[in-house]
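Protein chains in written order, with the UniProt record's numbering: chain A, 1 to 710; chain B, 1 to 710.
Protein chains: 2
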Amino acid sequence: MGPPASEQARHPLGNGVDVPSPTSGGTAHVLQGERALATFQTIDMTHKLDGGPAKTKRRRWIMGASRGMELGAQKYHMSREQLLERHVKDFLEIHSSFGQRMGDGKFKPTREEVAWMSEAAMNSGPFWDHYVPFLTALQSQASDEQFAEWGVRAAKLQIIGSYAQTELGHGSNVRGLETLATFDQKADEWVLETPTLTAIKWWPGGLGMLATHAIVYAQLWLHGKCYGVHAFMLQLRDHEHRPLPGIELGELGPKMGDNGHDSGRLRLTGVRVPRSNLLARYQWVTPDGRYEKPEAVASGPSVPLHYSSMLLTRASWVQLAGGQIAKAAMIAVRYSAVRRQGSAGAAVEGAAERQLLDYPVQRRRLLTQVASAYAVKFAARRLLGDVKALEDPHVPVAEKARRMPALGAESGTLKAMATLMAADGIEDLRRCCGGNGYLLSSGIAALSLDDLWHVTAEGDFVVLLLAAARFAVKRLSAEAISSAQAKPSLMNSVEDWMDAEKILEEFRRISAVRFADAAVAVAGAKARGCSEEDALNEAAEQLVAAAAWRGYQIFMEAFWAEATGTASGDEGAADMTPEVRVALLKLCALFGCHVAAQGGAPASLQGGMSSATAPQGFAGQARQRLCQDLRVDAVALVDAFDYEALYEASKLSDQDWSEPFQGYSAFLRPSLDVAYLQKGSLQAAASATALESPEGSLKSPSIAVSQSRL
Amino acid sequence: MGPPASEQARHPLGNGVDVPSPTSGGTAHVLQGERALATFQTIDMTHKLDGGPAKTKRRRWIMGASRGMELGAQKYHMSREQLLERHVKDFLEIHSSFGQRMGDGKFKPTREEVAWMSEAAMNSGPFWDHYVPFLTALQSQASDEQFAEWGVRAAKLQIIGSYAQTELGHGSNVRGLETLATFDQKADEWVLETPTLTAIKWWPGGLGMLATHAIVYAQLWLHGKCYGVHAFMLQLRDHEHRPLPGIELGELGPKMGDNGHDSGRLRLTGVRVPRSNLLARYQWVTPDGRYEKPEAVASGPSVPLHYSSMLLTRASWVQLAGGQIAKAAMIAVRYSAVRRQGSAGAAVEGAAERQLLDYPVQRRRLLTQVASAYAVKFAARRLLGDVKALEDPHVPVAEKARRMPALGAESGTLKAMATLMAADGIEDLRRCCGGNGYLLSSGIAALSLDDLWHVTAEGDFVVLLLAAARFAVKRLSAEAISSAQAKPSLMNSVEDWMDAEKILEEFRRISAVRFADAAVAVAGAKARGCSEEDALNEAAEQLVAAAAWRGYQIFMEAFWAEATGTASGDEGAADMTPEVRVALLKLCALFGCHVAAQGGAPASLQGGMSSATAPQGFAGQARQRLCQDLRVDAVALVDAFDYEALYEASKLSDQDWSEPFQGYSAFLRPSLDVAYLQKGSLQAAASATALESPEGSLKSPSIAVSQSRL
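The following block contains the structure:
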């Protein structure tokens, strides 16, 4: 239960080392004390999180690349333009030589490593769009010749790309894009056009300021026939970084966070690019205007193969979400260890203040988010492994096409749930830091803001969950439905809800039941005469709930596999100590009973109502016991994330203000009773002067104070 | 169910008026169409919300004071210093003459009117702290002589005040404050001191930049004895706005939002103020160092009477929370009416896109927040009425002291729940606007950010709920406990959950059951040997849940009273039309079944799985039906809030950036393949030139496009 509440916190002048003073909070010893309580070695847990000691070494090497570039709280005082400048400078400093080697085919970071880089970024910005969606799209959709021209230059940072898909009027529904690419056979060119206000490309990172090129998604029109959305390479800016003719570029304006990232808009008026700018790995147009596909694609199943770049983006966002919850949990747990507070309405006057960590509601809020961070990190590793397997060049295109839909549903579910869990979880952790969490200098405030857009970007969470559920429900047999509905719950005690294996089994059952319920709802609507589409729309609430539960099931599966050392591709499994295993099994069970206790949905899916009203019941009681149990490991569990401390001082604020503030003379001063203020300041001066004279009753007020208390 | 999805949205070039074009989204007709569907007259609902036509008139007059001061999206491009300057300018322009009249006793805005003013503020800032906590504290705690000196000047804006209570190490626990006020009898002065780092005054609005004076809360020490926390008047700055000796002032730095509001810190080193600067309505110190109280207070019950300023602050925050949910709901509902989207995975290629309002999950998220806005607004009116009754000078001090604890618990509960519902609800509404909700220019993003601090400020929500629950649970008789536990639920059908009166009765029952559960948990812990304090801490989860349910009960009570025209002090009850009543009863039931469906249904309290994500449960089904029913009123229900449209363009962003961006030449250009970019731009120029020649195959690409589609 942690060290007993110390008396030190109550005596401002204390009586030893590391006590509160005018220059110290007297808390330097607190975290050391917490660390001594842990039931496992922190480094062992770090190895587990990374996937073995070798990966820890590699991750530290990668994350070390940005050492010395920390902006600290300074970044909250920088303009957007300054943030972008700094991003460009730092990013090129780190990546230029790697980019050259990558372009020459001598270096290729793994997807996991790219995600580590994103996590380590001190000031993230639009180069992410260049290397992740833009380059990934080239890798998957460009022909070899095209890749040699654009891909190699992009890797070497000789051209900078943006990924221009979404439009002002069109987000998740890619098929509804309005941008047109009309083939002009005589000129052997595509005419690119955004014909309406709602067709303007809207949001692409880097488009507004940084990019020289973009991959533009547009409806391909050939001899009066539309072939659907295709990707086209477009040069945006010339060698002096001026927009080319017919291209109107702009930036969308300040956002809630992530302001080093320029978000662009693009209006195209009669812009022409060569016929060969259509990305041509899976189709091309001949000079005489025929639309052709390679044999393997033409004869294979019809699947949007260019979605593979989307799968990768989703997988990295899941990993990033885990990292962001982890960082926020680290700040909030450490803050809650150091911060003490008197209990509200405490009956005993002068009772020692408790550490925030020892308040049950606070402890539960913190530890369940720690559990979420582990769950999301482990699920990200599983998803990255699955996506990597799909990228294997030895897998035939047809096989890839066969696997893609299920992976699309799973990645969409995980992306939706992980980004929701991150957005809601980080915000709750921020609130755990009280008012100070509202200051950007706390670090945790910006974590909350910078990530918030992931919830709705690249697939809104409701849209993704619906799509995943539709996919699953259409494949559900009548037999599967009745067998799911017939299976009873085996959870009959608090102990059942403390057992990770039983919880996993229960989550599988609930997920199946939820899908069965959704299928029944869809069938019911159809029986009442609804079309397939209307029936699916009517059952949307059930479908979303089912997909959310499938997500929780995957998180539990991934967590369980890691805790038991059975995760596929876990190079560190052999190194796991029994102590780490015990702690992970508790944390895994905590994740599960928390999901159950809060009703199986993140607050966002419940309409924004907070889960402050935690229900009791078996799952709730199990959660309470596990939180008591894991209390001693709280600090070690977040230490294991292996981040640098993120606290920064608030002193930098002074540079933003003049004294007196701008507007004082023109507006405030004419209202003030200046004579009265002057009188008051003269009194204060007289009082200070009296103090300095030998008759002054108190030489040094602070000594006087200390004497008066002894 | 709204108008059928129009074909217009699919055809970029359309065939009539108000259709998509390069300069129009073609959506101007949409809201007019929605308004025509409503079942009630919008103005009747506005009157209801305001409390009658006379109040609507008064509110519009008050809110109109800031007309012409709208900053629009421009404010997101202003520095903090510019925001403060503008706040000072605009605030003084509006308030100077009223301030004079208020100081002369000729004008006093009601609490409700003050809250309307806060809602109308275009750029809120630290004058709020001056007029709300500072002036309110003077009204309640200063002696008449003191009020004549400071209160009158404050009302006239001749001195500007801040409210310096919280410290770096001390937030909710006022008794733990470390700032010292030691009486120096010889000098007849108080010595004010912040002896430690954690004692620094931290957060007070206006303290860093604006204020000339502050009310400082400090431990009163007299002849070596501590009398607890008292309030002292301190002049901070002289007639040239320079800090006085011994006073170190600063600003805490950028925050997530609310950045026109300067948040200050204050370090005091041996600062001296006259003995008479102790606020002296309820106690004073004589020249010979005796601590005295007026007769009525000395003989009355021991209650912290200076909490009345806190009650008022809480009440205004509840009202503000209702207003902020309302504004966010207005933006999100209108956006969802105008925005169309193809359904994910829609089977029918080319099917018309639906309005977002016609997607069940989106519709539920929107309408339940509309219901929340109404519930919070009505509860705020009830609370303001109760607090106003307490301010009545005819009520004897002893009677006030008797009423204060219960009102403290109720106001704390409502403040906690309303600010939580606002923070979580506005954020969910923001997400309902997709990616565009992340842009500050959407308006809704800043609504979310600017209000977020209310959740933890002036009493963290967990601390407030705990305090309220402790208060209630200690007064619970054994009889009340067993009678609560014996009462069965009467909710047995979907219809029951569509009936606001039945839901209210059920909420009363659940709230009683929750308090009984909490009392049993406390008693159980005590029986195991826990101290009272430890037992209360151990039962914290149950106590918080009980207080939250009590909060929902109050919201339902207030809503029901307004919907049935039985709210006390409702001047507009007689004017309510039957149509308004019908709509309000539905909305009231929607609020109730949403609360139940999202985690409070009795079935979920008994262990095992909650029905929170079981939309097939009774409450969930009722919610779905009510949302279908209220669909036609969606736009009218938010129109009734009577705010100006908040949409702003994003074009202003351009002013923040240079072209090319800062850092282009120094950092990016050396990396680029300049020759390749130049080659590309020459090609583009050649292509454009070819087009201008008579041989150009397409004169105007956009006409060509339109022809190719016809």
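Glycine included, C-beta positions come from ideal geometry on N, C-alpha and C.
Which of the three DSSP states, helix, strand or coil, is assigned to residue i?
{"i": "Val216/A", "result": "strand"}
{"i": "Ile94/B", "result": "helix"}
{"i": "Ser21/A", "result": "strand"}
{"i": "Leu439/B", "result": "strand"}
{"i": "Pro274/A", "result": "strand"}
{"i": "Met69/B", "result": "coil"}
{"i": "His230/B", "result": "strand"}
{"i": "His170/A", "result": "strand"}
{"i": "Gly248/B", "result": "For the sequence presented, residue 248/B should be read as Glu rather than Gly. Glu248/B falls in the strand class under three-state DSSP."}
{"i": "Glu149/A", "result": "helix"}
{"i": "Thr182/B", "result": "strand"}
{"i": "Tyr291/B", "result": "strand"}
{"i": "Arg265/B", "result": "strand"}
{"i": "Val705/B", "result": "Because the pLDDT at Val705/B is just 29, under 50, the model does not fix this residue reliably, and the point stays unresolved."}
{"i": "Glu541/A", "result": "helix"}
{"i": "Ser162/A", "result": "strand"}
Can you name the residues of chain B whose CB is closer than 8 Å to the CB of residue i?
{"i": "Ala73/A", "result": "Gly253"}
{"i": "Trp203/A", "result": "Gly435"}
Just tell me which of the options has its CA closest to the CA of residue i.
{"i": "Ala640/A", "options": "Gln41/A, Leu252/A, Gln283/A", "result": "Gln41/A"}
{"i": "Lys474/A", "options": "Gly680/A, Leu536/A, Pro578/A, Leu92/A", "result": "Leu536/A"}
{"i": "His239/A", "options": "Asp629/B, Gln678/B, Gln324/B, Thr179/B", "result": "Gln678/B"}
{"i": "Pro243/A", "options": "Asp673/A, Leu92/A, Val271/A, Tyr217/A", "result": "Val271/A"}
{"i": "Ala326/A", "options": "Ala527/A, Ala371/A, Ala36/A", "result": "Ala371/A"}
{"i": "Tyr438/A", "options": "Gln74/B, Arg514/B, Asp258/B, Trp150/B", "result": "Asp258/B"}
{"i": "Ala500/B", "options": "Asp534/B, Val582/B, Leu637/B", "result": "Val582/B"}
{"i": "Ala547/A", "options": "Ala469/A, Phe507/A, Asp570/A, Glu113/A", "result": "Ala469/A"}
Starting from the beta carbon of residue i, find every residue of chain B whose beta carbon is closer than 7 Å, and list them in chain order.
{"i": "Met330/A", "result": "Under the 7 Å cutoff, chain B gives no residues; its nearest Cβ is about 19 Å from Met330/A."}
{"i": "Ser24/A", "result": "Leu197"}
{"i": "Trp453/A", "result": "Gly435, Tyr438"}
{"i": "His239/A", "result": "Val674, Leu677, Gln678, Ser681"}
{"i": "Ser441/A", "result": "Gly253"}
{"i": "Cys89/A", "result": "Here the sequence assigns Lys to residue 89/A, which means Cys is not the residue at that position. Residues of chain B passing the Cβ test: Gly663, Phe667."}
What in chain B is Cβ-close to residue i, meaning under 9 Å?
{"i": "His77/A", "result": "Gly253, Pro254"}
{"i": "Ala457/A", "result": "Gly434, Gly435, Tyr438"}
{"i": "Asn277/A", "result": "Result: empty, since nearest Cβ-Cβ is about 10 Å, beyond 9 Å."}
Just to make sure I have the definition right: I need the residues of chain A whose C-beta is within less than 9 Å of the C-beta of residue i. Which are they?
{"i": "Asn537/B", "result": "Ser343, Arg354, Asp358, Tyr359, Pro360"}
{"i": "Leu84/B", "result": "Trp657, Phe661, Gln662, Gly663"}
{"i": "Leu92/B", "result": "Phe667, Leu668, Pro670, Ser671"}
{"i": "Pro20/B", "result": "Gly169, Glu178, Pro195, Thr196, Leu197, Thr198, Ala199"}
Note down, in chain order, every chain A residue with its Cβ under 7 Å from the Cβ of residue i.
{"i": "Asn492/B", "result": "None at all; the shortest Cβ gap to chain A is about 20 Å."}
{"i": "Asp460/B", "result": "Gly434"}
Find the residues of chain A that neighbour residue i, judging by a C-beta separation of less than 8 Å, and give them in chain order.
{"i": "Pro245/B", "result": "Ala684, Ala685, Ala688"}
So, does the segment 97 to 104 of chain B touch the segment 164 to 175 of chain B, judging by three or more C-beta pairs under 8 Å?
no
Is the segment 129 to 146 of chain A in contact with the segment 281 to 296 of chain A, if contact means three or more CB pairs nearer than 8 Å?
Put simply, the segment 129 to 146 of chain A touches the segment 281 to 296 of chain A. At least three CB pairs are less than 8 Å apart.
Are the segment 78 to 96 of chain B and the segment 658 to 675 of chain A in contact at 8 Å, needing three or more beta carbon pairs?
yes
Do three or more CB pairs link the segment 622 to 630 of chain A to the segment 583 to 602 of chain A at distances below 8 Å?
The answer is yes - the segment 583 to 602 of chain A touches the segment 622 to 630 of chain A, with three or more Cβ pairs under 8 Å.
Where are the alpha helix (DSSP H) runs, 4 residues long or more, that stay fully inside the segment 497 to 529 of chain A, in chain order?
Segments of the alpha helix (DSSP H) lying fully in the segment 497 to 529 of chain A: 500 to 527.
Contact between the segment 210 to 225 of chain A and the segment 125 to 139 of chain A is defined here as three or more beta-carbon pairs at a separation below 8 Å; is this criterion met?
yes
Contact between the segment 41 to 52 of chain B and the segment 351 to 362 of chain B is defined here as three or more beta-carbon pairs at a separation below 8 Å; is this criterion met?
no
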